[in-house]
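Structure first, commentary second.
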Amino acid sequence: MNRLKSKVAVITGASSGIGKATAELFSKEGATVLCADIKEEKMRDVVKDIQSSGGDAKAYFVDVSDEHKVVEFANQIKEEYGYIDILFNNAGTDTEGGKLHEYPIELWDKLMSVDLRGTFLVSKFLIPLMLNKGGSIINNSSVSGLAADLDRSGYNAAKGGITNLTRAMAIDYARDGIRVNCIAPGTIETPLLNDIMGEEAGKKFRQAYEWVDPMGRLGNPEEIASVVLFLASEDSSYVTGEYITIDGGHMAYTWAGKLLNSRL
Numbered sequence: 467m468n469r470l471k472s473k474v475a476v477i478t479g480a481s482s483g484i485g486k487a488t489a490e491l492f493s494k495e496g497a498t499v500l501c502a503d504i505k506e507e508k509m510r511d512v513v514k515d516i517q518s519s520g521g522d523a524k525a526y527f528v529d530v531s532d533e534h535k536v537v538e539f540a541n542q543i544k545e546e547y548g549y550i551d552i553l554f555n556n557a558g559t560d561t562e563g564g565k566l567h568e569y570p571i572e573l574w575d576k577l578m579s580v581d582l583r584g585t586f587l588v589s590k591f592l593i594p595l596m597l598n599k600g601g602s603i604i605n606n607s608s609v610s611g612l613a614a615d616l617d618r619s620g621y622n623a624a625k626g627g628i629t630n631l632t633r634a635m636a637i638d639y640a641r642d643g644i645r646v647n648c649i650a651p652g653t654i655e656t657p658l659l660n661d662i663m664g665e666e667a668g669k670k671f672r673q674a675y676e677w678v679d680p681m682g683r684l685g686n687p688e689e690i691a692s693v694v695l696f697l698a699s700e701d702s703s704y705v706t707g708e709y710i711t712i713d714g715g716h717m718a719y720t721w722a723g724k725l726l727n728s729r730l
C-alpha cells in the first residue's frame, strides 16, 4: 500500500475498463488521480466512487485527439496542481475496417487521431509538468501493435506506432528522470469488446477465445492495472523504453493446433 503516496497521476480513458480499474488502484495506493475521458456521465461516476472510498480524484472531460482541448487540460492541471508525477495514456478506440483496399479513410483517420495522435498530444503538453521532478509515463499499446489482425490494419498501425513512440520518448527523457514504458494487453474483458463486435458476436468470441488462449480465458482490467502500477511506481525505477505483454501467454506460441486438440 501507499506505493503512490502523494503522487499526482493523470489517466486518460478513465471512465471504464482498464482506465477505471487503474484509477481505482492508483487511488488505493495513495495517488491523487486526475481522470480524463470524453464520457462525462461515466467519468463522474468513477470519480464519485473513488471519493466515496476516501480517495482523491477529479474528473476532466477531454477529447485527446483535439489539440486545443488537450492544451486547455494541461493548463488547467498546471494551474491547479503545478506538476504531475504519472501519466497513463490509456484512451483509445478500435473498430474493424476490412481489407486495406476497402478500408474507410475516415476510420483510418479516426484511429490514428484518437490512439496515436492522442498519445502524442497528451504527452507533448503534459511532459512539461514532469520535467522539474521526473516521473513515469505508461502508454497503452496492444498485442495488436506487435502482430497483425484480420481487417484491423488501422488499429495495428496506430498501436504499432505507440509501441515505437514509447521507445523514442524513453530515449528523449531518460536524462530528465522521466521513465516511459508501454503495456501490450491481449484481449481484455472491457466494454470495448462488445462495442467492436456487438453483444452476440462478442459472446461467441469469448467462447472461442477459451480454446486458443493458453490460460483459457480473457484477461480482466484489474490484472492490467496491476502492471501499470508496477511501471508507475519506484518498483520499476530502472525500467524504461520497454513494453510488457499481458496476454495470458497468447503471443508465446506460433501455432495453436496441439493446444486446440488438448481442449477437445
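In my numbering, the protein residues as written are 467 to 730.
Where is the CB? At the ideal position from N, CA and C, for every residue including glycine.
Requested in this report: Within the segment 468 to 519, note down every full beta strand (DSSP E) run reaching 3 residues or more, in order along the chain.
Outcome: 474 to 478, 498 to 503
Query raised in the report: Could you give the distance in angstroms between the alpha-carbon of C501 and the alpha-carbon of K524?
Result: In the sequence shown, counting from the first residue as 1, residue 501 sits at position 35. In the sequence shown, counting from the first residue as 1, residue 524 sits at position 58. Taking the straight line joining both Cα atoms gives about 6 Å.
Query raised in the report: Do I604 and N541 come within 9 Å of each other at the CB atom, strictly closer than that value?
Result: Counted from its first residue, the sequence shown places residue 541 at position 75. Counted from its first residue, the sequence shown places residue 604 at position 138. No; because the gap between Cβ atoms is not below 9 Å, this pair is not in contact.
Requested in this report: Just the C-alpha distance for R645 and V588, rounded to the nearest angstrom, thanks.
Outcome: Working through the sequence shown from its first residue, we reach residue 645 at position 179. Working through the sequence shown from its first residue, we reach residue 588 at position 122. Answer to the nearest angstrom: the Cα atoms are 16 Å apart.
**Report entry** Alpha carbon of P657 to alpha carbon of G496, nearest angstrom
**Finding:** The residue given as residue 657 occupies position 191 in the sequence shown. The residue given as residue 496 occupies position 30 in the sequence shown. Looking at the two C-alpha atoms, the distance is approximately 27 Å.
Report task. With D701 as the anchor, note down where its alpha helix (DSSP H) starts and where it stops. Result -> Taking the first residue of the sequence shown as position 1, residue 701 is located at position 235. From DSSP, D701 is part of no alpha helix (DSSP H); its letter is neither H nor E.
Query raised in the report: What distance in whole Å lies between the Cβ atoms of T488 and V694, which are believed to be in contact at a cut-off of 8 Å?
Result: As a working note, residue 694 is residue 228 in the sequence shown. As a working note, residue 488 is residue 22 in the sequence shown. Right, their Cβ atoms sit about 5 Å apart.
Query raised in the report: Where do the N-terminal and C-terminal ends of the alpha helix (DSSP H) with K599 fall, by residue?
Result: Here residue 599 refers to the residue found at position 133 when the sequence shown is read from its first residue. Taken as a continuous stretch (DSSP letters only), K599 belongs to no alpha helix (DSSP H), as it is neither H nor E.
Query - Span separating the alpha-carbon of G601 from that of M635 - result: In the sequence shown, the residue the question calls residue 601 occupies position 135. In the sequence shown, the residue the question calls residue 635 occupies position 169. For G601 and M635, the distance between alpha carbons rounds to 13 Å.
**Report entry** Bridge partner(s) assigned by DSSP for L577
**Finding:** Within the sequence shown, numbered from 1, the residue matching residue 577 stands at position 111. DSSP lists no partner for L577.
Query raised in the report: Which residues bound the beta strand (DSSP E) around Y526?
Result: Against the sequence shown, residue 526 aligns to sequence position 60. First-last of the beta strand (DSSP E) with Y526: 522 to 527.
**Report entry** Close Cβ partners of K535 (< 7 Å) along its chain, the five nearest in sequence each way excluded
**Finding:** Within the sequence shown, the letter at position 69 stands for residue 535. Excluding residues within five positions, the ones whose Cβ falls inside 7 Å are V528, D529.
**Report entry** Continuous alpha helix (DSSP H) stretch holding A557: start and end
**Finding:** Residue numbering aside, residue 557 sits at position 91 when the sequence shown is read from its first letter. Note, A557: premise wrong, no alpha helix (DSSP H); not H, not E.
Query raised in the report: For P651, which residues does DSSP report across the bridge?
Result: Position 185 of the sequence shown, counted from the start, is the residue given in the question as residue 651. Answer is I712, bridged to P651.
Query - D615 versus L573, G564, D581, residue with shortest Cα-Cα distance - result: Taking the sequence shown and counting its residues from 1, the one referred to as residue 615 is at position 149. Comparing Cα-Cα distances from D615 to each of L573, G564, D581, the minimum goes to G564.
**Report entry** Three-way DSSP call (helix, strand, coil) for G685 in this model
**Finding:** Locating residue 685 in the sequence shown gives position 219, counting from the first residue. Correct three-state label for G685: strand.
Requested in this report: Name the residue from G479, E546, V474 whose alpha carbon lies nearest to the alpha carbon of V512.
Outcome: Numbered from 1 along the sequence shown, position 46 holds the residue referred to as residue 512. Checking every option, the nearest Cα to that of V512 belongs to G479.
Query raised in the report: So I628 is in the alpha helix (DSSP H); what residue range does that whole segment cover?
Result: Here residue 628 refers to the residue found at position 162 when the sequence shown is read from its first residue. First-last of the alpha helix (DSSP H) with I628: 619 to 639.
**Report entry** Residues near K505 in its chain [Cβ-Cβ closer than 7 Å; skip 5 each side]
**Finding:** In the sequence shown, the residue the question calls residue 505 occupies position 39. Taken in chain order, the residues that qualify are S481.
Requested in this report: Put V646 into one of helix, strand or coil per three-state DSSP.
Outcome: The residue given as residue 646 occupies position 180 in the sequence shown. Judged by DSSP in its simplified three-state form, V646 adopts strand.
Query raised in the report: Looking only at C-alpha atoms, which of D532, F539, N598 sits nearest to M578?
Result: Taking the sequence shown and counting its residues from 1, the one referred to as residue 578 is at position 112. Considering only alpha carbons, the answer is D532.
Query raised in the report: For the segment 619 to 638 against the segment 671 to 682, are there 3 or more C-beta pairs whose distance is under 8 Å?
Result: no
Query - Inter-residue spacing [alpha-carbon to alpha-carbon] between I710 and S699 - result: On the sequence shown, position 244 is the one that residue 710 refers to. On the sequence shown, position 233 is the one that residue 699 refers to. Their Cα atoms are separated by approximately 15 Å.
Query raised in the report: Hey, quick one: how far does the alpha helix (DSSP H) through S544 stretch, first residue to last?
Result: Locating residue 544 in the sequence shown gives position 78, where the first residue counts as 1. Note that residue 544 is Lys in the sequence shown, not Ser. DSSP places K544 inside the alpha helix (DSSP H), whose first and last residues are 533 to 546.
Report task. Ignore the nearest five residues each way along the sequence and tell me which others in L553's own chain have a CB closer than 6 Å to its CB. Result -> By one-based count along the sequence shown, residue 553 stands at place 87. Excluding the 5 residues flanking it on each side, L553 has same chain C-beta neighbours closer than 6 Å at V476, L592, I603, in chain order.
Requested in this report: Apply the 10 Å Cβ neighbour rule to T498 and answer buried if 16 or more other Cβ atoms are within range, or exposed otherwise.
Outcome: Counted from its first residue, the sequence shown places residue 498 at position 32. So T498 counts as buried.
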